[in-house]
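Enquirer:
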Amino acid sequence: MKIFLTQFFTWWNSQTLGTRLHTWRHGKKVGQDETGNVYYEGGIDSEGRTRRWVIYRNYSEASAIPPGWHGWMHHRVDVAPSSEDYKPRDWQKPHQPNLTGSPAAYRPKGSVLTNQHRPQVTGDYDAWTPGS
1 MKIFLTQFFT WWNSQTLGTR LHTWRHGKKV GQDETGNVYY EGGIDSEGRT
51 RRWVIYRNYS EASAIPPGWH GWMHHRVDVA PSSEDYKPRD WQKPHQPNLT
101 GSPAAYRPKG SVLTNQHRPQ VTGDYDAWTP GS
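Residue numbers (our numbering): 1 to 132.
1) Going by DSSP, what residue range makes up the beta strand (DSSP E) through residue 76?
2) For residue 35, which three-state DSSP category applies?
3) Below 8 Å on the Cβ atoms is my contact criterion, and I expect residue 80 with residue 31 to pass it. Report the Cβ-Cβ distance as a whole number of Å.
4) What is the DSSP secondary structure of residue 107, counted as helix, strand or coil?
5) If I follow the unbroken beta strand (DSSP E) through residue 52, where does it start and stop?
6) Keeping to the same chain, check which residues put their C-beta closer than 6 Å to that of residue 114; ignore five residues upstream and five downstream.
7) DSSP state of residue 42, grouped into three classes?
8) Exposed or buried, what is residue 54 when buried is set at 16 or more other beta-carbons lying within 10 Å of its beta-carbon?
9) Taking the alpha-carbon of residue 94 as reference, which of 76, 65 and 120 has the nearest alpha-carbon?
10) Beta carbon of residue 52, beta carbon of residue 41: below 7 Å?
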């Protein structure tokens, strides 16, 4: 019952009831990544390509899609990583979740959210004013 209610009233928990119905009617499972996200395709989008979508394991967070699946989702490659022996390149970093709004978010020097002081202005900048 809890799963039904979360799918009925929220959009950020895995999938909505409408997405579940659409996936059941039109979706063909293509594969699953190492984090548990499940990928589907089916139907045609407005540009004439096969529609592709993901059902997230937990919260709907687009940055949780691994690089190989990202390329497939955005039609950069035709073969899904589950259908080939996909291995990440040496230069690809492991996934890091979106940290915006968390204590681990990036905060540059001088940000009001850090305990550092803003660098002293050097005077080499002239602000633009209309008519000058």
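For each residue, glycine too, the CB sits at the ideal point set by N, CA and C.
Expert: Taking the definition as stated:
1) Looking at the DSSP string, residue 76 is not in any beta strand (DSSP E), and its letter there is neither H nor E.
2) coil
3) 5 Å
4) coil
5) 50–55
6) 107
7) strand
8) With 16 or more other Cβ atoms inside 10 Å of its own Cβ, residue 54 counts as buried.
9) 65
10) yes
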